[in-house]
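Enquirer:
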Amino acid sequence: MKIERYQIDEHNRSLSQGHQRRFEFLAQDISRAEEIIQNLIKFQIAIPSWALGTGGTRFGRFSGGGEPRSLEEKMEDIGLMHQLNQSSGAISLHIPWDIPENAQSVKVLAAQYGLRFDAMNSNTFKDQPGQELSYKFGSMQHVDRAVRKQAVDHNIEVIRHGIELGSKSLTVWLSDGSCFPGQLNFRKAFQNTLESLQEVYAALPDDWKIFVEYKAFEPNFYSTTVGDWGQSLLFTSKLGPKAYTLVDLGHHLPNANIEQIVSLLLMEGKLGGFHFNDSKYGDDDLTAGSIKPYQLFLIFNELVAGMDAKGIDHATGLGWMIDASHNVKDPLEDLLQSVEAIMIAYAQALLVDTAALEQARQENDVVRCQEILQSAFRTDVRPLVSEARLRSNAAINPVQLFRELKVREKLIGERGLKTVATGL
Ligand SMILES: [Mn+2]
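Residues in the sequence shown are numbered from 38 upward in steps of one, following our numbering.
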């Protein structure tokens, strides 16, 4: 399906009076409103190809209908999203779920939707049909050199697909680890993983980055070989300047201070990418900002401060991606909500009076520090985010327009009710 420009204009006209009133009221109190809007317009968040179908759990999956059946249809979905918010102009592919049969035509299609290819994702956490050796006991950490080589070769193949599409980075998330004490020699597992990553690193083009993503637990429940930011940083430091740590919000132990992790990784020049989601308990993969919006703001506050300290461009310096997948919402509505939550947290972080905060810190004025942060967090910045969309020819309210246009119903009409997206 296609959304026509006049449909977006009509929607914006119907909401424009209320929007203008709220925007002008807010802008009166914000001296840097124009600068923040320009930042918001530039900021783009990549959508992972696996988030476009209904996620599942090990207990079941409840398909919502009209799911994309191919890479082309996944790009169509992200193209629709991008038309609605003009903030999701990138797609992150997963191999082997999204192997492009004809890279050239896929590139042409992406350009039509205004999408670029963000990080490529490899998969050695499950066995694929016809795969020679099993990853049951790990991939890059495996005791058998042949299994490690298979995992390395797969990652190099993913890089090859990425080069064809114009991607510039590879994200490696390993489920490697152990489920029981004694199962694994931790030092050998680390060394094997390092050697395997070094072989992948050697195949990276000069202008590429490799992101090493960590995760505390699951599917392994006793140890994970890249289990936390320290272990990831150890790998990426040993690998070299093209290697960076990737932070996924759901991959920490409960109550970890993620904003502090982000701050130090940025200081060391080793934060490469970010996966947004939210959780109450573990790696719940819920909509960004749906459970802990204050934490999301505090993280963005450190991201903005850390990027500014190093002169890193907010929009292009790091890889921004949503990584969520769950059971109960329409995936496209959910992604629109996630992007909105990310833009809100980013806008709030841009509102922080950093000079005053630094002054208060110097004076050990703890109360003032809290006042400054919470004053930004408690500002309703939604009119700023809507204004940025309006100026980009996107919808003032993307979720509302998605429903008004009956996007899902039309996708079901085109694709059928019983479609299942490739992926999770
Ligand atoms: Mn992730």
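Glycine is no exception: its CB is placed at the ideal position from the N, C-alpha and C atoms. Remember, predicted model here, so these are calculated numbers, not experimental data.
Looking at the structure shown, is residue 116 part of a helix, part of a strand, or coil, going by DSSP?
Expert: Reduced to three states, the DSSP call for residue 116 is helix.
Enquirer: Check whether the segment 345-363 touches the segment 393-410, counting contact only when three or more Cβ pairs, one atom from each stretch, lie closer than 8 Å.
Expert: The segment 345-363 is not in contact with the segment 393-410.
Enquirer: State the Cα-Cα distance for the pair residue 316 and residue 96, rounded to the nearest angstrom.
Expert: Near 19 Å, if we compare the C-alpha coordinates of residue 96 and residue 316.
Enquirer: With a threshold of 7 Å (Cβ to nearest heavy atom), would residue 47 be considered close to ligand 1?
Expert: Answer for residue 47: no, Cβ out of range of ligand 1.
Enquirer: For the beta strand (DSSP E) that residue 285 lies in, which residues bound it at each end?
Expert: Counting along the chain, the beta strand (DSSP E) containing residue 285 begins and ends at 280-285.
Enquirer: Looking at C-beta atoms only, is the number of pairs between the segment 141-151 and the segment 161-169 that lie closer than 8 Å three or more?
Expert: At 8 Å Cβ cutoff, the stretches do not touch.
Enquirer: Exposed or buried, what is residue 120 when buried is set at 16 or more other beta-carbons lying within 10 Å of its beta-carbon?
Expert: Buried.
Enquirer: Residue 503: buried (16+ other C-beta within 10 angstroms of its C-beta) or exposed?
Expert: One cannot answer for residue 503 here, as it falls past the ends of the chain, which runs 38 to 461.
Enquirer: Please report the straight-line C-alpha distance between residue 212 and residue 236, rounded to a whole angstrom.
Expert: Straight-line Cα distance between these residues: approximately 19 Å.
Enquirer: Check for me: the beta strand (DSSP E) holding residue 248 runs from which residue to which?
Expert: Note, residue 248: beta strand (DSSP E), 246-250.
Enquirer: Quick one, are the C-beta atoms of residue 219 and residue 207 less than 8 Å apart?
Expert: Contact flag unset, no.
Enquirer: Less than 8 Å between the C-beta atoms of residue 272 and residue 234, yes or no?
Expert: Their beta carbons are under 8 Å apart, which means residue 272 touches residue 234 by this criterion.
Enquirer: Of the choices 124, 86, 94, whose alpha-carbon is the least far from that of residue 106?
Expert: Of the listed residues, the one whose Cα sits closest to residue 106 is 86.
Enquirer: Tell me which residues pass a beta-carbon proximity test against ligand 1: closer than 7 Å to any heavy atom, given in chain order.
Expert: This criterion selects 210, 250, 285, 288, 312, 360.
Enquirer: Identify which residue in 41, 63, 52 has its Cα closest to the Cα of residue 420.
Expert: Comparing Cα positions, the closest option is 63.
Enquirer: Below 8 Å on the Cβ atoms is my contact criterion, and I expect residue 56 with residue 449 to pass it. Report the Cβ-Cβ distance as a whole number of Å.
Expert: About 31 Å separates the two Cβ atoms, so there is no contact after all.
Enquirer: List the endpoints of the continuous beta strand (DSSP E) containing residue 450.
Expert: Taken as a continuous stretch (DSSP letters only), residue 450 belongs to no beta strand (DSSP E), being part of the alpha helix (DSSP H) at 444-452.
Enquirer: Just verifying my parser: in three-state terms, what is the DSSP assignment at residue 56?
Expert: Correct three-state label for residue 56: helix.
Enquirer: If contacts are defined as beta-carbon pairs under 8 Å, then residue 160 and residue 376 qualify, I think. What distance do you get, rounded to the angstrom?
Expert: Rounded, the Cβ-Cβ distance is 25 Å, inconsistent with contact.
Enquirer: For residue 193, which of 217, 387, 247, 172 has the nearest alpha-carbon?
Expert: Closest option to residue 193, Cα to Cα, is 247.
Enquirer: Report the option in 196, 195, 169 whose CA atom is closest to the CA atom of residue 183.
Expert: Among 196, 195, 169, the Cα nearest to that of residue 183 belongs to 169.
Enquirer: Taking the alpha carbon of residue 259 as the point to measure from, which residue in 293, 214, 289 has its own alpha carbon closest?
Expert: For residue 259, the nearest C-alpha among the options comes from 214.
Enquirer: Can you tell me whether residue 111 is buried or exposed, with buried defined as 16 or more other CB within 10 angstroms of its CB?
Expert: So residue 111 counts as buried.
Enquirer: Considering only DSSP beta bridges, list what residue 83 is partnered with.
Expert: Beta-bridge pairing links residue 83 to 127, 358.
Enquirer: Compare the beta carbon distance of residue 180 and residue 132 with 8 Å and say whether it is the shorter of the two.
Expert: No, the Cβ-Cβ distance between residue 180 and residue 132 is not below 8 Å.
Enquirer: Would you decide whether residue 66 is buried or exposed? Buried here means 16 or more other CB atoms lie within 10 Å of its CB.
Expert: Looking at its Cβ environment, which holds fewer than 16 other Cβ atoms inside 10 Å, residue 66 is exposed.
Enquirer: Can the beta-carbon of residue 137 be found less than 8 Å from the beta-carbon of residue 202?
Expert: Result yes, Cβ atoms of residue 137 and residue 202 sit closer than 8 Å.
Enquirer: Identify every run of the beta strand (DSSP E) within the segment 160-245, keeping only runs that are complete inside it and at least 3 residues long; order them along the chain.
Expert: List check, beta strand (DSSP E) in window: 206-210.
Enquirer: Between which residues of its own chain and residue 257 is the CB-CB distance below 8 Å, once the five residues before and five after are set aside?
Expert: Result list for residue 257: 212, 213, 214, 215, 216, in chain order.
Enquirer: Using a Cβ-Cβ cut-off of 7 Å (strictly less than) and excluding sequence neighbours within five positions of residue 265, which residues of its own chain qualify?
Expert: Closer than 7 Å at the Cβ level, and outside the excluded window around residue 265, lie 251, 253.
Enquirer: Who are the near neighbours of residue 124 in its chain, counting only those whose CB is closer than 7 Å to its CB and skipping five residues on each side?
Expert: If we look at residue 124 and ignore the five residues flanking it on each side, its Cβ neighbours are 80, 81, 82, 376, 380.
Enquirer: Residue range of the beta strand (DSSP E) that residue 326 falls in?
Expert: Counting along the chain, residue 326 falls outside any beta strand (DSSP E), and DSSP gives it neither H nor E.
Enquirer: When the Cα atoms are used, what is the spatial distance from residue 227 to residue 392?
Expert: So the alpha carbons of these two residues sit roughly 43 Å apart.
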